[in-house]
Amino acid sequence: MDQQHTPDRPDAVKPPDGPDAAVDDAQLPVGAWAARNGPAVLMVAAVVALVWYYLGTQGMWNVALVVFGLGLVIFIHELGHFLVAKWCDVHVQTFSLGFGPALPGCSFRKGETTYKIALLPLGGYVKMVGEGDESSEEDGDPRSYKNKTVGQRMAIISAGVVMNVLLGAACFVVAFRLGVPQRAPVIGMVEAGGPAWTKGVRSGDVVEKAGDIANPYFEDLQMHVMLSREGEAVPFVFRAPGEAERAVSVVPRKGRNDSNPVIGVRWPGEMKTPGRRDADGMRVPALRGTAAEAARDLGLKPGDVVLAATDPDGGAGLADVKAGDFGELAKRVRRLAGKPMTLRVRRAGGAEEIVTAEPVGFDWDDEVIGMTDPEGDGPYAVTEIPFDPRDPQGRHRDVFEFLRRSKEMTDRPVVVRVRRKGGATADVFVPPAYHRVLPGVRMAIGPISGVREGSPAEEKGVKAKDVLVKVTLSDGKESQSFAVHPKAKEPLTDPLRLPFELSRWARGRANVTATLTVSREQGEDADKERVLSGLRWESSWRSDEELPLGTGAPLPIPELGLAYQVKATVEYVEPGSPAEKVLSAGDMILAVTFRRDPKKGEDAPPWNTKPAINLRQSKDVSPDPLPGLAGAALQMQLLEYPEVKLLVAGSGTDASEREVELGLAEDETWPLHNPFAVRGLRLLPVQDRIARADGLLGALRMGGRHTLRTIGQIYLSLRSLVTGRVSVTENLQGPIDIAVIAYRTAERGWAEFALLIGIISVNLAVVNFLPIPVLDGGHMVFLLYEKLRGRRPPERVHNTATVVGFVLLVSLMVFVIYLGVRRYIF
Numbered sequence: 014m015d016q017q018h019t020p021d022r023p024d025a026v027k028p029p030d031g032p033d034a035a036v037d038d039a040q041l042p043v044g045a046w047a048a049r050n051g052p053a054v055l056m057v058a059a060v061v062a063l064v065w066y067y068l069g070t071q072g073m074w075n076v077a078l079v080v081f082g083l084g085l086v087i088f089i090h091e092l093g094h095f096l097v098a099k100w101c102d103v104h105v106q107t108f109s110l111g112f113g114p115a116l117p118g119c120s121f122r123k124g125e126t127t128y129k130i131a132l133l134p135l136g137g138y139v140k141m142v143g144e145g146d147e148s149s150e151e152d153g154d155p156r157s158y159k160n161k162t163v164g165q166r167m168a169i170i171s172a173g174v175v176m177n178v179l180l181g182a183a184c185f186v187v188a189f190r191l192g193v194p195q196r197a198p199v200i201g202m203v204e205a206g207g208p209a210w211t212k213g214v215r216s217g218d219v220v221e222k223a224g225d226i227a228n229p230y231f232e233d234l235q236m237h238v239m240l241s242r243e244g245e246a247v248p249f250v251f252r253a254p255g256e257a258e259r260a261v262s263v264v265p266r267k268g269r270n271d272s273n274p275v276i277g278v279r280w281p282g283e284m285k286t287p288g289r290r291d292a293d294g295m296r297v298p299a300l301r302g303t304a305a306e307a308a309r310d311l312g313l314k315p316g317d318v319v320l321a322a323t324d325p326d327g328g329a330g331l332a333d334v335k336a337g338d339f340g341e342l343a344k345r346v347r348r349l350a351g352k353p354m355t356l357r358v359r360r361a362g363g364a365e366e367i368v369t370a371e372p373v374g375f376d377w378d379d380e381v382i383g384m385t386d387p388e389g390d391g392p393y394a395v396t397e398i399p400f401d402p403r404d405p406q407g408r409h410r411d412v413f414e415f416l417r418r419s420k421e422m423t424d425r426p427v428v429v430r431v432r433r434k435g436g437a438t439a440d441v442f443v444p445p446a447y448h449r450v451l452p453g454v455r456m457a458i459g460p461i462s463g464v465r466e467g468s469p470a471e472e473k474g475v476k477a478k479d480v481l482v483k484v485t486l487s488d489g490k491e492s493q494s495f496a497v498h499p500k501a502k503e504p505l506t507d508p509l510r511l512p513f514e515l516s517r518w519a520r521g522r523a524n525v526t527a528t529l530t531v532s533r534e535q536g537e538d539a540d541k542e543r544v545l546s547g548l549r550w551e552s553s554w555r556s557d558e559e560l561p562l563g564t565g566a567p568l569p570i571p572e573l574g575l576a577y578q579v580k581a582t583v584e585y586v587e588p589g590s591p592a593e594k595v596l597s598a599g600d601m602i603l604a605v606t607f608r609r610d611p612k613k614g615e616d617a618p619p620w621n622t623k624p625a626i627n628l629r630q631s632k633d634v635s636p637d638p639l640p641g642l643a644g645a646a647l648q649m650q651l652l653e654y655p656e657v658k659l660l661v662a663g664s665g666t667d668a669s670e671r672e673v674e675l676g677l678a679e680d681e682t683w684p685l686h687n688p689f690a691v692r693g694l695r696l697l698p699v700q701d702r703i704a705r706a707d708g709l710l711g712a713l714r715m716g717g718r719h720t721l722r723t724i725g726q727i728y729l730s731l732r733s734l735v736t737g738r739v740s741v742t743e744n745l746q747g748p749i750d751i752a753v754i755a756y757r758t759a760e761r762g763w764a765e766f767a768l769l770i771g772i773i774s775v776n777l778a779v780v781n782f783l784p785i786p787v788l789d790g791g792h793m794v795f796l797l798y799e800k801l802r803g804r805r806p807p808e809r810v811h812n813t814a815t816v817v818g819f820v821l822l823v824s825l826m827v828f829v830i831y832l833g834v835r836r837y838i839f
């Protein structure tokens, strides 16, 4: 935001001693210059030393690149004012690149103007005669800024904004010519019960059109959703591989747990593990204590038979393994995590061999290229993961095929074939993973909160607010009932486990139908049970990634097209279980806190200072807290440290709150499919597409379109911020945020850095031209008034508006700096 060149501004920053003093300062010998400017030099040197110490040489280079980029944005802005001022024959006294004292030998006078390069490289300023406070000495100077015509002053004022827009366009052209990674326009996961889920949007769908943008990227989808008005339906066109396009209009949701409007979708991940720089003290790219961390290359081939393996309870000795029993082998691999393991193997040719399998499994920078075929004979029936038909660039393997195989084999060990960074391949044996649960605890089932359009549930009249009492599946030969509500008067299934149990029973069966017993909680049929029979079991939805992604999201039964809440109310505690000591039936869980990684000097992972999940509806704990526990249960599967601290309110008359700690236990009867980290394996979370122009002309077109689109999106974003449609605290960013984002982007290459600098430059142009006094836009308003009325605004009005604008600007800067400090420091 410019503060140096416009007239009548009390906050304008001027060189302290005038241009002549700047020349003298710069012409001093280096020693004398350093002595004169010692405090400033020491401050800059201290900052440089700290950056170098904490970030190293590469970090220092990135910081220098950030300083150059941000300085360029402000310098170009000032250059615009300077060039147009000269063109309008305004007497320009100083043009400075940077702030502070001029560097030795870096200041000279050409004609009437002093040019200098200053110590602090961020930005610069222009000093014109007639700028700032009224001065009688300048009243008669025809080359004074204030004596120029209104049109000329308008041109000078707007020149900085125009130059920033042009710089942004140039950066966009460079970025699209080099090729910019953008998030793939593919739906990776769908939030159960969310707006997109309700409309039948599926994981694996390609976004063909978002709003009026054809061939969009995921960022375009997010922007259209975020900038939508309340109640406005956003049109999309989706296409599943090999199917026809589908036009879908979705009304975004802005609930109390949503900082921005959302439709409840996520992008897909990539079939690669993170780079080694992301190791952060971890041995392998896997969540601590998971099956992926214990996985290892056993040196086996198809047809090999393991006869004996290290016994975790028997020291260094080998214990027999039933031939072909890979389940028993998987248990030993899991228990021997991080330790060497010895196998006695009968090779396919008949010879026996002793094999030592070191605890080496997944590594950083691995690429997943193959996996066990679910239809194959054993875990070593590995086939290639094909390249994704959704990717027109042919760069990515099909993550949805990987997830499909993982889901089909949750209860069996698998082999994942990876290509190492150097090109070698390895077959990594991975045991099954299991759900982490609150041991001995069953939560109460809540109401149905979502029904998918066109689903079997909708066809048979299932309504929101219905409560599932019992689900019965039948294939015409056998049937099985799963009761989840005490009204059923039958042994109860844990509501969190119900979708798994239903899917497991129906797996491999044909012509499965469902019968639902529901209790209606509203209307004339309140408290009455209804039996809905003949619901189709749509097994094609089994492989979809429908998840309780948000804190308030329900749990889905994809094959039936309904989603229900799991209350945060404890329904049952098993006698003798660890939970019995700290929880009782009727307790309500109000918040969940997780442990964090220990910092230097900490012996154990401490608890986070704030809850990760807040389930409290209000200070009054008498009603059931909403949202439910399904989202929290999903997050528990992603913890590095399987322990939680629960804020609990008692039931009945004892509603006092208390904190309890409880370790999570793996339920080996409940295999886990977790698409965020399959069996605990950490894969890159974002799959990209390269947006690259074919030539210079194409880059110019893409850069121009992106410039216009960015300007429009900024204005719409401001509208959403002002109206409260998007969260101010979550979306407003200041200098700290810009510096952090720019630093991280500088690590990723020139194309992304050029794109970011372009976005910052266009943002500066738009924000600086808002009609706020002190900013260029505010001065333009004064000039328009002068043009229309034929005289300048009254001095009292001008001064009052300037003070108000200055206070507003300073307050906003303090606020965004506070937000940045809160995000990145606290």
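Take 14 as the starting number for the sequence shown in my numbering and just add one per residue. Note that the Cβ used here is the ideal one computed from N, Cα and C, for glycine as well.
Cβ pair residue i, residue j closer than 7 Å
i    : j    : result
A246 : V261 : no
H104 : R156 : yes
V443 : V431 : no
G217 : F413 : yes
A308 : G201 : no
L660 : A604 : yes
L505 : A496 : yes
L647 : P561 : yes
E760 : N160 : no
E366 : V358 : yes
T303 : G693 : yes
E558 : P452 : no
R266 : V278 : no
Closest residue to residue i among the options (Cα-Cα distance)
i    : options                : result
P186 : A704, Y798, F828       : Rather than Pro, the amino acid found at residue 186 in this sequence is Val. Measuring from the Cα of V186, the nearest candidate turns out to be A704.
R196 : G547, E765, G363, A778 : E765
R671 : P114, P588, R836, V595 : V595
V319 : D376, Y393, G708, V250 : Y393
V116 : H792, V54, V441, L68   : First, the residue type needs correcting, since residue 116 is Leu and not Val in the sequence shown. Minimum Cα distance to L116 is reached at V54.
V531 : R347, D310, V475       : V475
A131 : G124, S120, V139       : S120
I89  : D102, D600, Y138       : Y138
L240 : S494, I169, Q726       : Q726
P194 : W763, Y128, R805, N776 : W763
N273 : L734, P387, D379, A77  : L734
Residue range of the beta strand (DSSP E) that includes residue i
i    : result
R520 : R520 -> no beta strand (DSSP E), and no H or E assigned at all.
I703 : 701 to 704
M384 : 380 to 385
Q195 : 193 to 196
G547 : 541 to 549
Rounded Cβ spacing between residue i and residue j (contact assumed at less than 8 Å)
i    : j    : result
A343 : V334 : Contact flag wrong, Cβ pair sits at about 11 Å.
E204 : A566 : 5 Å
L696 : G282 : 5 Å
R460 : Y577 : Checking the sequence shown, residue 460 turns out to be Pro, not Arg. Contact flag correct, Cβ pair sits at about 7 Å.
V163 : E799 : 6 Å
R738 : Y230 : With a Cβ gap of about 22 Å, R738 and Y230 do not count as contacting.
E232 : R252 : No, E232 and R252 are not in contact; Cβ-Cβ is about 19 Å, not under 8 Å.
First and last residue of the uninterrupted alpha helix (DSSP H) at residue i
i    : result
G723 : Correcting the residue type first, residue 723 is Thr in the shown sequence and not Gly. First-last of the alpha helix (DSSP H) with T723: 709 to 736.
Q71  : 51 to 100
Y837 : 808 to 837
Bridge-paired residues (DSSP) for residue i
i    : result
L349 : Answer is none; L349 lacks a bridge partner.
T107 : T127, K140
A576 : G463, P569
I226 : A223
M601 : T582, A662
Y447 : P684
M456 : V583
I626 : V605
Within-7 Å CB hit, residue i to chain B
i    : result
S492 : The question asks about chain B, but that chain is absent: this structure has only one protein chain.
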